[in-house]
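Asker: Just passing along the structure, written as structure tokens.
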Amino acid sequence: MNMHLEWGFFLRDIGDGKTSYLDWMISAWGWTLAVAACAWVVALVMGSIIGTLRTLPSEGIARWLVKLGNAWVELFRNIPLLVQIFLWYHVIPSLYKPLQEVPSFALVVVGLGLFTSARVAEQVRAGIQSLPRGQRYAGMALGLTTTQTYRFVLLPMAFRIVIPPLTSEAMNIIKNSSVAFAVSISELTLFAMQAQEETSRGIEVYLAVTTLYIATALVVNRVMARIEKRIRIPGTVGAEK
Amino acid sequence: MGALDLSFLNWELVTNFLIKGFVFSIQLTLIAMVGGIIFGTVLAMMRLSGRKWLALPAATYVNTMRSIPLVMVILWFFLLIPFLVGKPIGAELSAIITFTVFEAAYYSEIMRAGIQSVSRGQVNAGYALGLTYGQSMRLIVLPQAFRNMLPVLFTQTIILFQDTSLVYAIGAYDMLKGFEVAGKNFNRPVEAYLLAAVVYFIICFSLSTVVKRLQAKIAIIR
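Protein chains in written order, with our numbering: chain X, 6 to 246; chain P, 21 to 242.
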């Protein structure tokens, strides 16, 4: 058993004469960030819409929108992420041919994004429902329509309340982007697996990759904390005087 | 392709490919749940002990586990365990060990939140009645804490069941792998993946419906 660490291989060429393992790892990190960031946009947009729909007063056509929102969340929450990625990569393009032209990166982004959108939707719904009922009634009393009530009264409050749970979802999406290895996206986890096999320096490779994941999560955490601080609701416990 | 063809489905396929993987997924989930809850309770008690030399290592362990992607943790253990025991162990055993210690970090957070969710006044009331620390823990705090966290523990177990599919990374033969191998053998990968999704959905959706019922039933009315 040889636990002596040896980092020299990172500067070695991977066999094409111009790329080192370090270059490869950095580009893999870039892919991880790209998958996570794009999927996060999908998740935020869809999650906000679905989460908001689920809180609509359930009367008339809105009743169906609430049901649609609930079905969306149940569907994307009850299938493992890896299986969902396989659905987007193997199943859906073979059922709907035009999607075969779409690069696998986009399919993974949609898969990871929609998976996360169900979680975001849950947080947004909880955020809106945590507001005192009086807020909604105040909007109605002022003669606002439902849309206006959401636009001017409920959502500006709810989105600020919901930032802490969204921070942990943003950190989760970076971790979950590792599943993209299964459909050959050249991100950090796939780099770890391949470089480990090629160099037999698994411990060093895994240490480097793990450090990058933790560093990324920390940066996301700090950025979200910044945002949270800037848009805090005046008069609440956390706000500055 | 285009249209789906499910004609390859028959009983032989189920017994030859699917049962083995299904049994392993369930086995992995149950072992990791029981082991994770036991180990997680120890971690939670260490963190709440108020003694720094106990709390700090436990907190470090939990936070580290929670900030690394599960796939990486699976790969780490698959690499390190043979190093430590000196001989290769199978992907299945490696997965069982990994999930037990990984899930412990998540279960311990649930336990900790559950214990902390019981209000201070309850403990003080216990003391006022003349109960010792041990008695008020056992008779007052823990029954309420357990009741509070039972639904979350089950929800975590459903997530754990879904996560077992990630043993794909080390090639262990779980439920998803069973479907994949069946799909390859019958040259029907699309249908096999779709069926896998349906089966996972049915299992997880029914379990989460049960948890929701349970939650409504045992919620403490305040």
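Idealized CB from N, CA, C, for every residue including glycine.
When you check each C-beta in the segment 194-211 of chain X against every C-beta of chain P, which residues fall closer than 8 angstroms?
Answerer: Within the segment 194-211 of chain X, 194, 197, 198, 201, 207, 208, 211 place their CB atoms closer than 8 angstroms to a CB of chain P, listed in sequence order.
Asker: Give me the chain X residues within the contact set of residue 88 of chain P, using Cβ-Cβ distance strictly less than 8 angstroms, ordered along the chain.
Answerer: Mapped onto the second sequence, residue 88 of chain P falls at position 68. Under the 8 angstroms cutoff, chain X gives 180, 215, 218, 219.
Asker: Taking the continuous alpha helix (DSSP H) assigned at residue 45 of chain X, which residues delimit it?
Answerer: By 1-based counting over the first sequence, the position of residue 45 of chain X is 40. Residue 45 of chain X -> alpha helix (DSSP H) spans 26-58.
Asker: Given a cut-off of 8 angstroms, decide if residue 178 of chain P and residue 227 of chain P are closer than it, judged by their beta-carbon atoms.
Answerer: Locating residue 227 of chain P in the second sequence gives position 207, where the first residue counts as 1. Locating residue 178 of chain P in the second sequence gives position 158, where the first residue counts as 1. Contact flag set, yes.
Asker: Just reading off the alpha helix (DSSP H) that residue 84 of chain X is part of, what are its end residues?
Answerer: The count along the first sequence starts at 1 and reaches residue 84 of chain X at position 79. No alpha helix (DSSP H) contains residue 84 of chain X, which DSSP labels as neither H nor E.
Asker: In chain order, what residues of the segment 62-79 of chain X put their CB closer than 8 angstroms to some CB of chain P?
Answerer: 79
Asker: Does the CB of residue 82 of chain P have a neighbour CB from chain X at under 8 angstroms?
Answerer: If you number the second sequence from 1, residue 82 of chain P lands on position 62. No, no contact with chain X.
Asker: Below 7 angstroms on C-beta distance, what does residue 221 of chain P contact in chain X?
Answerer: Reading the second sequence from its first residue, position 201 is the one you call residue 221 of chain P. The CB of residue 221 of chain P comes closer than 7 angstroms to the CB of 83, 84 in chain X, given here in chain order.
Asker: Taking any Cβ of chain X, which residues in the segment 228-242 of chain P have a Cβ under 8 angstroms from it, in chain order?
Answerer: 228
Asker: Between the alpha carbons of residue 31 of chain X and residue 144 of chain P, how many angstroms are there, rounded?
Answerer: Mapped onto the first sequence, residue 31 of chain X falls at position 26. Mapped onto the second sequence, residue 144 of chain P falls at position 124. Distance between the alpha carbons of residue 31 of chain X and residue 144 of chain P: 55 angstroms.
Asker: So, does the CB of residue 209 of chain P fall closer than 8 angstroms to a CB anywhere in chain X?
Answerer: Locating residue 209 of chain P in the second sequence gives position 189, where the first residue counts as 1. With 8 angstroms as the cut-off, residue 209 of chain P counts as an interface residue toward chain X.
Asker: Is the CB-CB distance between residue 116 of chain P and residue 39 of chain P below 8 angstroms?
Answerer: Stepping through the second sequence from its first residue, residue 116 of chain P is reached at position 96. Stepping through the second sequence from its first residue, residue 39 of chain P is reached at position 19. No, Cβ-Cβ distance for residue 116 of chain P and residue 39 of chain P is not below 8 angstroms.
Asker: Using a Cβ cut-off of 8 angstroms (strictly closer), state whether residue 92 of chain P contacts chain X.
Answerer: The residue given as residue 92 of chain P occupies position 72 in the second sequence. So yes, residue 92 of chain P belongs to the interface.
Asker: Pull out every residue of the segment 88-99 of chain X whose Cβ sits closer than 7 angstroms to any Cβ of chain P, in chain order.
Answerer: Those residues of the segment 88-99 of chain X that come within reach of chain P (Cβ to Cβ, closer than 7 angstroms) are 88, 91, 92, 95, 96, 99.
Asker: Going along chain X, which residues have a C-beta under 8 angstroms from residue 96 of chain P?
Answerer: For the purposes of this step, residue 96 of chain P is taken as the residue at position 76 of the second sequence. Correct list: 211, 215.
Asker: If you draw a straight line from the alpha carbon of residue 129 of chain X to that of residue 64 of chain P, how long is it in whole angstroms?
Answerer: By 1-based counting over the first sequence, the position of residue 129 of chain X is 124. By 1-based counting over the second sequence, the position of residue 64 of chain P is 44. If I take the Cα positions, the gap works out to 29 angstroms.
Asker: Check the C-beta distance from residue 125 of chain P over to residue 85 of chain P and give it rounded, since I have them as a contact under 8 angstroms.
Answerer: Here residue 125 of chain P corresponds to residue number 105 of the second sequence, with the count starting at 1. Here residue 85 of chain P corresponds to residue number 65 of the second sequence, with the count starting at 1. Right, the Cβ-Cβ distance comes to about 4 angstroms (below 8 angstroms), so this counts as a contact.
Asker: According to the Cβ coordinates, are residue 121 of chain X and residue 178 of chain X closer than 8 angstroms?
Answerer: The residue given as residue 121 of chain X occupies position 116 in the first sequence. The residue given as residue 178 of chain X occupies position 173 in the first sequence. Yes, the Cβ-Cβ distance between residue 121 of chain X and residue 178 of chain X is below 8 angstroms.
Asker: Kindly indicate which three-state DSSP category residue 252 of chain X falls into: helix, strand or coil?
Answerer: In the structure as shown, chain X begins at 6 and stops at 246. Residue 252 of chain X is therefore absent and cannot be evaluated.
Asker: Under 7 angstroms Cβ to Cβ from residue 129 of chain P, same chain only, skipping five residues before and after it: list those, please.
Answerer: One-based indexing of the second sequence puts residue 129 of chain P at position 109. Within the same chain, residue 129 of chain P has close Cβ partners 82.
Asker: Can you confirm whether the segment 199-210 of chain X touches the segment 145-161 of chain X when touching is taken to mean that 3 or more C-beta pairs between the two stretches lie within less than 8 angstroms?
Answerer: no
Asker: Please classify residue 192 of chain P: does DSSP put it in a helix, a strand, or coil?
Answerer: Walking along the second sequence from the start, residue 192 of chain P turns up at place 172. Three-state result, residue 192 of chain P: coil.
Asker: Checking contacts by CB at 8 angstroms: is residue 21 of chain P closer than that to chain X?
Answerer: For the purposes of this step, residue 21 of chain P is taken as residue 1 along the second sequence, with counting starting at 1. For residue 21 of chain P, the pLDDT reaches just 47, beneath the cut-off of 50, and the residue's location in the model is therefore unreliable, leaving the point undetermined.
Asker: With a Cβ-Cβ cutoff of 8 angstroms, do residue 194 of chain P and residue 45 of chain P count as a contact?
Answerer: Position 174 of the second sequence, counted from the first residue, corresponds to residue 194 of chain P. Position 25 of the second sequence, counted from the first residue, corresponds to residue 45 of chain P. Result yes, Cβ atoms of residue 194 of chain P and residue 45 of chain P sit closer than 8 angstroms.
Asker: Applying the criterion that 16 or more other CB atoms from any shown protein chain within 10 Å of the CB defines a buried residue, is residue 223 of chain X buried or exposed?
Answerer: Sequence index remark: in the first sequence, residue 223 of chain X carries index 218 (1-based). Exposed is the call here.
Asker: Output, in chain order, the set of chain P residues within a Cβ distance shorter than 9 angstroms of residue 186 of chain X.
Answerer: Counted from its first residue, the first sequence places residue 186 of chain X at position 181. Chain-order list of chain P residues neighbouring residue 186 of chain X: 91, 189, by C-beta distance under 9 angstroms.
Asker: Buried or exposed: which applies to residue 203 of chain P, given that a residue is buried once 16 or more other Cβ atoms fall within 10 Å of its Cβ?
Answerer: Mapped onto the second sequence, residue 203 of chain P falls at position 183. So residue 203 of chain P counts as buried.
Asker: Around the Cβ of residue 190 of chain X, are there at least 16 other Cβ atoms within 10 angstroms (buried) or fewer (exposed)?
Answerer: Numbered from 1 along the first sequence, position 185 holds the residue referred to as residue 190 of chain X. Looking at its Cβ environment, which holds 16 or more other Cβ atoms inside 10 Å, residue 190 of chain X is buried.
Asker: Could you list which residues in chain X have their beta carbon closer than 9 angstroms to that of residue 147 of chain P, in chain order?
Answerer: Translated into the one-based positions of the second sequence, residue 147 of chain P becomes position 127. Correct list: empty, because the minimum Cβ distance to chain X is about 29 angstroms.
Asker: As a quick exercise: from P:152, P:28, P:183, pick the residue whose alpha carbon is nearest that of residue 184 of chain X.
Answerer: In the first sequence, residue 184 of chain X corresponds to position 179, counting from 1. Nearest option by C-alpha distance: P:183.
Asker: Look at the Cβ atom of residue 119 of chain X, then the Cβ atom of residue 81 of chain X, and state whether they are nearer than 8 angstroms.
Answerer: The residue labelled residue 119 of chain X in the question sits at position 114 within the first sequence. The residue labelled residue 81 of chain X in the question sits at position 76 within the first sequence. The answer is yes: Cβ separation under 8 angstroms.
Asker: Mind checking whether residue 127 of chain X and residue 74 of chain X have CB atoms under 8 angstroms apart?
Answerer: Looking up residue 127 of chain X in the first sequence gives position 122. Looking up residue 74 of chain X in the first sequence gives position 69. Contact: no.
Asker: So what does DSSP say about residue 244 of chain P, is it helix, strand or coil?
Answerer: Outside the shown range of chain P (21 to 242) lies residue 244 of chain P, about which nothing can therefore be said.
Asker: Alpha carbons only, please: which of X:232, X:209, X:228, X:237 is nearest the one belonging to residue 16 of chain X?
Answerer: Along the first sequence, read from residue 1 onward, the residue named residue 16 of chain X stands at position 11. With respect to the C-alpha of residue 16 of chain X, the residue from X:232, X:209, X:228, X:237 having the closest C-alpha is X:209.
Asker: To which residues of the same chain is residue 69 of chain P closer than 8 angstroms at the C-beta, ignoring the five residues directly before and after it?
Answerer: Against the second sequence, residue 69 of chain P aligns to sequence position 49. Taken in chain order, the residues that qualify are 75.
Asker: Quick one: does residue 126 of chain X have its CB under 8 angstroms from some CB of chain P?
Answerer: If you number the first sequence from 1, residue 126 of chain X lands on position 121. No, because no Cβ of chain P sits closer than 8 angstroms to the Cβ of residue 126 of chain X.
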